[in-house]
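Everything below concerns the one structure shown next.
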Amino acid sequence: GQQLNQSPQSMFIQEGEDVSMNCTSSSIFNTWLWYKQDPGEGPVLLIALYKAGELTSNGRLTAQFGITRKDSFLNISASIPSDVGIYFCAGQGNTGNQFYFGTGTSLTVIP
Amino acid sequence: NAGVTQTPKFRVLKTGQSMTLLCAQDMNHEYMYWYRQDPGMGLRLIHYSVGEGTTAKGEVPDGYNVSRLKKQNFLLGLESAAPSQTSVYFCASSYLSSDQPQHFGDGTRLSIL
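Respectively, the protein sequence lines represent chains A and B. Those letters in the first sequence? Residues 1 to 111, per the numbering used here, in order. Those letters in the second sequence? Residues 1001 to 1113, per the numbering used here, in order.
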């Protein structure tokens, strides 16, 4: 199956710091999604991106659809303790109905 | 609105037993999906459905069967459970097309002994 490389695997940051994570694929995608998963729960959609170069914000979160269509980025500004969780990217290309998911970035925010 | 509801939340099975996981959505979504989540592997698609009465294989379909007899329900079956199927299973649904964001349930934690 399609491999999505998500980095970093984990992050430990101080409250108030900004966070950046990214996702890359070996093939072109038409749609990128970013999800957050809290322990014991299902992933919750944060941001959806549909155009190359698109920059979309959701509160303190900003995500970008890479110009090459092979990558996407998620930034979190001024992190707070409730940002703790695992962040997943997901991408969909031209073939089929399937989204492919990254392996996740685990975020820990130290108060 | 309940959104996507998965039943049961936890289950322990012995090798060789069978069971069915139930997913129900109340959002009138056409598309439904079953994923498994394993440590370090992200979410992998098992089977999906693009509408009532349809099913299709995903990335890791072996050992699983699915049925979509009603639009709001998507069943995942394990005919003969194996320890390799120990995982957390997530159901998701999306509206009219496959590029729409998927809404997830809270998961079923399944252990096969």
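Beta carbons: idealized from backbone N, C-alpha and C, even for Gly.
Distance, residue j Cα to residue i Cα
i: GLN3(A); j: LEU1013(B); result: 31 Å
i: GLN64(A); j: ALA1082(B); result: 41 Å
i: ASN1028(B); j: GLN37(A); result: 24 Å
i: VAL19(A); j: ILE86(A); result: 13 Å
i: GLY1063(B); j: LEU1076(B); result: 10 Å
i: GLU14(A); j: PRO81(A); result: Sequence inspection shows Gln at residue 14(A); the Glu mentioned does not correspond to that position. C-alpha separation (whole angstroms): 9 Å.
i: LYS51(A); j: LEU74(A); result: 15 Å
i: PRO1008(B); j: ASP83(A); result: 28 Å
i: SER79(A); j: SER1080(B); result: 46 Å
i: VAL1050(B); j: THR1015(B); result: 31 Å
i: ILE47(A); j: ASN1073(B); result: 26 Å
i: ASP1026(B); j: THR24(A); result: 34 Å
Local conformation of residue i per DSSP, three classes
i: ASP1099(B); result: coil
i: ASP83(A); result: helix
i: SER1111(B); result: strand
i: SER20(A); result: strand
i: GLN9(A); result: coil
i: SER25(A); result: strand
i: GLN3(A); result: coil
i: SER1049(B); result: strand
i: GLN98(A); result: coil
8 Å Cβ cutoff met for residue i and residue j
i: LEU45(A); j: PRO1101(B); result: yes
i: TYR1035(B); j: PHE1090(B); result: yes
i: THR1005(B); j: GLY1105(B); result: yes
i: VAL1066(B); j: THR1055(B); result: yes
Residue of the options minimising C-alpha distance to residue i
i: THR1086(B); options: GLN1017(B), ALA1002(B), GLY1003(B) and TYR1048(B); result: GLN1017(B)
i: SER26(A); options: GLN14(A), GLN6(A) and ILE13(A); result: GLN6(A)
i: GLY1042(B); options: PRO43(A), THR108(A), GLY102(A) and PRO39(A); result: GLY102(A)
i: PRO39(A); options: SER106(A), ALA52(A) and PRO111(A); result: SER106(A)
i: GLU54(A); options: TRP32(A), GLY42(A), GLU41(A) and PRO43(A); result: TRP32(A)
i: VAL109(A); options: PRO8(A), GLU17(A) and GLN9(A); result: GLU17(A)
i: THR68(A); options: ASN30(A), PRO111(A) and SER10(A); result: ASN30(A)
i: ILE1112(B); options: ARG1011(B), GLY1003(B), GLU1079(B) and ILE1046(B); result: ARG1011(B)
i: GLY1040(B); options: PHE1074(B), VAL1088(B), ASN1073(B) and THR1054(B); result: VAL1088(B)
i: PHE99(A); options: CYS1023(B), THR1020(B), ARG1044(B) and LEU1022(B); result: ARG1044(B)
* Residues of the stretch 43–55 of chain A with Cβ closer than 8 Å to any Cβ of chain B, in chain order -> PRO43, VAL44, LEU45, ALA48 and TYR50
Near-chain A residues of the stretch 1034–1050 of chain B - C-beta to any C-beta below 7 Å = GLY1040, MET1041, GLY1042, LEU1043, LEU1045, TYR1048 and VAL1050
- When Cβ atoms are compared, which residues of the stretch 31–43 of chain A fall closer than 9 Å to chain B? THR31, LEU33, TYR35, GLN37, GLY40, GLU41, GLY42 and PRO43
Could you please tell me which residues of the stretch 1076–1087 of chain B, in chain order, have their CB closer than 9 Å to any CB of chain A? none
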